[in-house]
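Novice:
Residue numbers (this note's numbering): 2 to 402.
(1) Beta carbon of residue 380, beta carbon of residue 361: below 7 Å?
(2) Determine which residues share a DSSP beta bridge with residue 146 and list them.
(3) Unbroken alpha helix (DSSP H) runs of length 4 or more, entirely within the stretch 119-144: which are they?
(4) Would residue 415 pass as a contact of residue 172 if the rule is Cβ separation under 7 Å?
(5) Identify, in the order they occur along the chain, each residue of the same chain with its Cβ nearer than 6 Å to the Cβ of residue 123, setting aside the five sequence neighbours on each side.
(6) Drop a sphere of 10 angstroms on the beta-carbon of residue 51, count the other beta-carbons inside from all chains shown, and report buried for 16 or more, exposed for fewer.
(7) So within the stretch 281-321, which uninterrupted beta strand (DSSP E) runs reach at least 3 residues, ignoring any that extend past its ends?
(8) On the DSSP bridge assignment, give the partners of residue 374 in chain order.
(9) In whole angstroms, what is the alpha-carbon distance linking residue 293 and residue 196?
(10) Kindly indicate which three-state DSSP category residue 264 falls into: helix, strand or coil?
(11) Residue range of the alpha helix (DSSP H) that residue 160 falls in?
(12) DSSP state of residue 184, grouped into three classes?
(13) Below 8 Å, can you find three or more Cβ-Cβ pairs linking the stretch 2-12 to the stretch 213-230?
(14) Let's test the definition: count the other Cβ atoms within 10 Å of the Cβ of residue 310 and tell me whether it reaches 16, buried, or not, exposed.
(15) By the 10 Å Cβ neighbour count, where 16 or more other Cβ atoms means buried, how is residue 303 classified, buried or exposed?
(16) With H, G and I counted as helix, E and B as strand and the rest as coil, what does DSSP make of residue 228?
(17) I'd like the list of long-range same chain contacts for residue 66, defined as Cβ closer than 7 Å, with 5 residues on each side in sequence excluded.
(18) If we count the other Cβ atoms within 10 Å of its Cβ and call it buried at 16 or more, is residue 287 buried or exposed?
(19) CA-CA distance, residue 335 and residue 19?
(20) Short of 6 Å in beta carbon distance, which residues of its chain neighbour residue 125, apart from the five on each side in sequence? Order them along the chain.
(21) Verify the CB distance criterion: does residue 111 have a CB-CB separation below 7 Å to chain D?
(22) Can you list, in chain order, the residues of its chain whose CB lies under 7 Å from that of residue 61, leaving out five sequence neighbours each side?
(23) Please identify the residue among 198, 283, 190 and 194 whose C-alpha is closest to the C-alpha of residue 227.
(24) Would you list the one or two residues that DSSP bridges to residue 98?
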């Protein structure tokens with residue numbers, strides 16, 4: 002590229018960056034560190050608010066920030082060699098905080114970032130592809146980065162944005178709308194539809210040279226319809242019209258790297274058994290389910306479980322479902338070497354309470370836990386069986402730990 006072309010992009014993006022709406026303060030904001038020795042890397046799905054979060058982070062130092070977004074279509078031909086030209090512009094600016102959006106789009110970017118860290122320049126990075134970021138971070142930036150993940154608005158952030166109280170009604174509204182910031186501000190579902198299209202076509206099909214875009218799209222729509230269910234790659238071959246389960250696994254990996262889905266395994270102390278177990282799938286936000294699912298029902302029960310999963314996922318990646326021959330517990334997770342068990346039930350009633358209690362009790366006994374939780378929409382109760390205490394707590398009151 003020509004330096005003048007890069008400079009033109011810098012000038013326009015700088016004006017755009019200064020005009021960002023700060024919006025509500027994100028829950029992740031106080032957890033972001035200030036460091037000149039380590040790059041701060043914030044990753045997450047497109048349009049979940051990464052750039053705005055980091056704008057909030059540097060708002061008191063805005064005059065010293067050099068902002069550059071590599072997702073700009075005018076930078077399509079930007080290569081690692083062009084960092085020499087960009088660096089000249091950076092030096093002329095005299096700024097000491099580099100803020101790079103979607104830098105993983107440029108192969109070899111980590112070499113330049115390492116150079117700037119060695120010069121005690123603060124570097125802040127965002128990215129929407131977990132796999133691409135992790136590969137580069139694990140080479141030239143080993144021990145020189147601090148990674149954080151951002152997700153769409155949490156329930157509390159949703160309430161803060163809309164001036165809602167924490168209540169049953171506001172929680173139902175959150176289940177139905179999800180937490181993508183732009184959509185919540187505009188109520189324009191086209192924003193969510195175009196987000197899915199961008200991920201399928203730009204982030205996956207183009208990036209990985211996948212010709213079967215129809216298969217990708219069919220799989221995406223199917224996944225949106227089965228949130229919280231177990232899936233099998235071998236069975237999905239017929240759903241998307243491919244011959245090999247390995248192709249399905251490849252597609253699933255791309256959706257997971259793009260933060261569209263998470264897959265969790267059945268708990269086992271054997272890593273091999275976990276890998277071979279059926280996976281349960283969770284979609285990053287209910288808003289995407291609403292615009293993509295082939296299911297015509299609201300299915301708030303599935304959306305409820307989906308939401309609870311992501312609340313846990315923000316705390317830890319060590320999450321499984323628990324199942325034995327007779328029962329199942331929705332989630333067991335590990336934090337600070339301690340295990341926790343959670344059962345999710347939209348409404349606990351006579352027809353399902355025996356099954357739900359049996360499932361969480363089995364998990365509690367297996368992990369020797371004397372306290373477990375059944376999260377419901379708006380019910381409160383307490384069940385004590387022998388020495389095991391099961392609390393029934395409304396989702397809008399539950400504090401995760």
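Ideal Cβ placement from N, Cα and C applies to all residues, glycine included. What you are looking at is a predicted structure, and each value in this text was computed from that prediction instead of being measured.
Specialist: Well, looking at it:
(1) no
(2) 40
(3) 131-138
(4) Residue 415 lies beyond the stretch modelled for the chain, which goes from 2 to 402, so this question has no answer here.
(5) Within the same chain, residue 123 has close Cβ partners 37 and 98.
(6) buried
(7) Complete beta strand (DSSP E) runs here, min 3: none at all.
(8) According to DSSP, residue 374 bridges with 343 and 392.
(9) So the two alpha carbons sit approximately 11 Å from each other.
(10) Strand at residue 264.
(11) 156-163
(12) Look at residue 184 here: in three-state DSSP terms it is helix.
(13) no
(14) buried
(15) buried
(16) coil
(17) 59, 96, 98 and 100
(18) buried
(19) 41 Å
(20) If we look at residue 125 and ignore the five residues flanking it on each side, its Cβ neighbours are 41, 55 and 100.
(21) Looking for chain D here will not work: only one protein chain is present.
(22) none
(23) Relative to the Cα of residue 227, the nearest Cα in the group 198, 283, 190 and 194 belongs to 283.
(24) Paired residue(s): 66 and 123.
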